[in-house]
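In the numbering used here, the protein residues as written are 20 to 641.
Using N, Cα and C, we set each Cβ at its ideal position, and we do this for glycine too.
Only a predicted model underlies this, so the values are computations on that prediction, with no experimental measurement involved.
Here it is, written out as structure tokens:
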């Protein structure tokens with residue numbers, strides 16, 4: 020895993036441009052502490068920078084940018100099926116000079132052109148120069164982000180948003196609609212960012228750059244989702260379960276490929292336990308299992324249950340205590356990593372986990388992340404399915420029932436719940452559940468009525484729309500960016516076997532109702548029973564949860580001032596910040612306030628990385 024920076028300008032590069040490129044590349048040192056490289060063509064206006072974390076082929080021969088004829092590549096990621104692709108290319112007469120996946124990408128481009136990405140199973144973000152055009156692409160899930168700035172001078176890209184905005188010197192301009200969206204969701208829906216000239220590339224897309232301008236945007240992948248059946252819901256049969264197991268075992272096996280130390284992060288949850296079980300039982304890989312406990316309160320202690328699972332699988336197991344104080348985590352920490360507001364406090368726990376792993380010399384950690392998104396495992400999924408009949412009833416009926424029930428709200432928690440999440444307009448159903456008890460406050464946000472009605476336009480079967488939205492927006496725009504920057508800030512690569520084309524296509528063949536009708540993640544639990552005894556399958560669902568009530572910024576008085584929000588609204592949120600639902604809104608207002616302060620200093624130049632040797636290998640054409 021690495022860091023990339025590139026410029027495709029409309030004019031020749033100046034010495035100042037090259038210095039900007041070097042400083043920006045150096046600012047990504049945490050993503051690639053092992054090597055640094057650059058390529059530039061002054062006349063063409065092209066600069067490619069790279070920071071390398073060595074995982075596949077540890078030799079200097081796989082340093083980047085890598086050159087093959089007229090092709091030059093700077094690439095962040097892993098192509099997990101690179102051996103299969105290399106074997107196919109060898110069958111066509113191609114010879115290789117390295118044992119890594121970077122050369123595989125280059126030679127696949129040489130053979131297939133931009134359609135080479137169709138052959139890859141992996142996570143990646145790369146920029147390629149073919150001597151006349153620039154090409155930028157990200158993987159099917161945008162696990163490895165690329166941020167793109169279209170400026171008057173040309174197109175500039177980077178693996179991380181703070182590096183990019185400092186390189187191009189752009190300022191934020193958060194619209195009222197974006198403010199309302201952030202207050203409602205806790206993140207900025209992509210591909211836009213708070214910087215008008217900057218966007219994040221969407222999953223499964225590619226850009227062609229000609230003469231410093233975005234000439235074409237290609238979409239090479241769209242997520243497949245199953246079609247809900249009608250009538251009685253039937254459990255998934257054993258053949259369907261076998262298909263999922265086969266796809267997941269293949270995905271796990273490919274994601275164990277590493278020339279550097281690798282571990283599996285093991286909790287007591289179904290997802291990580293299944294990954295570890297498949298690695299041990301199906302693949303015969305005895306991974307080191309690491310469980311990070313947070314004795315100072317960042318999450319539940321799962322170490323004893325994880326130990327039982329590891330012992331059953333015959334895995335070596337280490338429990339590592341992370342002693343970081345949650346009170347020491349500031350809003351600036353999140354902004355420095357993400358470059359724009361986010362309420363994903365789990366980023367702090369993920370970063371703590373990654374640093375703990377890196378301190379033990381691991382460079383790769385295989386995780387169970389993505390299982391909830393692919394297999395509809397979140398509590399919201401279950402809630403919408405369980406209450407689908409009332410939530411899908413006509414809006415006018417729900418609103419009328421809500422008025423009739425209002426006098427009795429204080430006598431029944433069920434009536435209060437109905438009032439808060441069902442007696443709302445159609446487009447507010449998801450937001451009412453996500454922000455339980457606080458939907459009235461969101462309605463007071465300027466821009467809410469301009470933004471919110473487009474969230475689920477024309478949606479009737481909300482229980483099917485919510486998992487798709489959680490997958491295509493919440494995961495892509497919120498969770499994955501946090502996972503990437505949180506882990507890579509510690510120079511540790513997280514791998515996610517559940518985010519696999521083969522796995523998603525296998526799940527898409529199923530009736531999605533069957534993923535929910537028989538209990539949360541019932542499919543994965545049935546699979547896990549093939550590896551573990553019942554007592555280790557039905558353990559309580561856990562999560563890496565940062566304690567929002569101990570977030571330092573929430574302790575401040577008086578309430579923060581937030582540009583774009585009425586102070587009366589901010590004060591009312593702040594007064595109720597100890598209540599469920601309102602605490603999350605308080606975190607969001609605190610993040611917006613801190614962003615205004617942080618942004619005053621975010622245009623300082625990227626710092627230079629210092630002493631790493633520049634090394635851009637050139638491959639002989641064969």
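Taking a contact to mean a Cβ-Cβ separation below 8 Å, would you say residue i touches residue j in this structure?
i, j, result
"residue 517", "residue 396", "no"
"residue 232", "residue 166", "no"
"residue 393", "residue 449", "no"
"residue 293", "residue 547", "yes"
"residue 77", "residue 125", "no"
"residue 275", "residue 304", "yes"
"residue 523", "residue 191", "no"
"residue 508", "residue 357", "no"
"residue 137", "residue 214", "no"
"residue 675", "residue 348", "This structure cannot settle anything about residue 675, because the visible part of the chain is limited to 20 through 641."
"residue 352", "residue 373", "no"
"residue 79", "residue 101", "no"
"residue 170", "residue 216", "yes"
"residue 208", "residue 200", "yes"
"residue 604", "residue 460", "yes"
"residue 542", "residue 328", "no"
"residue 362", "residue 205", "yes"
"residue 20", "residue 98", "no"
"residue 64", "residue 43", "no"
"residue 375", "residue 338", "no"
With a threshold of 7 Å, establish whether the CB of residue i neighbours any heavy atom of the ligand SAH.
i, result
"residue 128", "No copy of the ligand SAH occurs in the structure displayed, which carries no ligand at all."
Rounded to the nearest angstrom, what separates residue i and residue j at their Cα positions?
i, j, result
"residue 195", "residue 540", "38 Å"
"residue 414", "residue 446", "10 Å"
"residue 519", "residue 608", "36 Å"
"residue 110", "residue 127", "12 Å"
"residue 636", "residue 589", "Any reading at residue 636 is ruled out, since the residue's pLDDT is 49, under 50, leaving its predicted position unreliable."
"residue 24", "residue 164", "12 Å"
"residue 39", "residue 168", "15 Å"
"residue 311", "residue 186", "36 Å"
"residue 722", "residue 179", "In the structure as shown, the chain starts at 20 and stops at 641, and residue 722 therefore has no counterpart that could be examined."
"residue 429", "residue 402", "22 Å"
"residue 538", "residue 417", "27 Å"
"residue 586", "residue 438", "27 Å"
"residue 151", "residue 85", "17 Å"
"residue 409", "residue 425", "17 Å"
"residue 475", "residue 173", "35 Å"
Indicate the three-state DSSP secondary structure (helix, strand or coil) for residue i in the structure shown.
i, result
"residue 340", "strand"
"residue 156", "strand"
"residue 29", "coil"
"residue 312", "strand"
"residue 66", "strand"
"residue 558", "coil"
"residue 537", "coil"
"residue 52", "strand"
"residue 172", "coil"
"residue 278", "coil"
"residue 384", "strand"
"residue 307", "strand"
"residue 599", "coil"
"residue 532", "helix"
"residue 389", "coil"
"residue 581", "coil"
"residue 549", "coil"
"residue 38", "helix"
"residue 22", "strand"
"residue 378", "helix"
"residue 58", "strand"
Going by other Cβ atoms of all chains shown within 10 Å of its Cβ, with 16 needed for buried, is residue i buried or exposed?
i, result
"residue 264", "buried"
"residue 494", "buried"
"residue 371", "buried"
"residue 554", "exposed"
"residue 531", "buried"
"residue 482", "buried"
"residue 35", "exposed"
"residue 62", "exposed"
"residue 112", "exposed"
"residue 26", "buried"
"residue 469", "exposed"
Practice task
With a floor of 4 residues, list each alpha helix (DSSP H) that falls wholly inside the region 85-166, ordered by position along the chain.
Solution key: Whole alpha helix (DSSP H) segments, 4+ residues: 101-110 and 120-131.
Practice task
Quick one: which unbroken beta strand (DSSP E) runs of 3-plus residues sit fully inside the region 206-243? Chain order, please.
Solution key: Fully enclosed beta strand (DSSP E) runs of no fewer than 3 residues occupy 217-219, 224-229 and 232-238 of the region 206-243, in order along the chain.
Practice task
Could I get the ranges of all uninterrupted alpha helix (DSSP H) runs contained in the region 418-502, with 4 residues as the minimum, in chain order?
Solution key: 432-440, 448-453, 458-462, 467-470 and 481-488
Exercise for the section: Counting only runs of 4+ residues fully inside the region 345-375, write out the alpha helix (DSSP H) ranges in chain order. Expected result: 350-357
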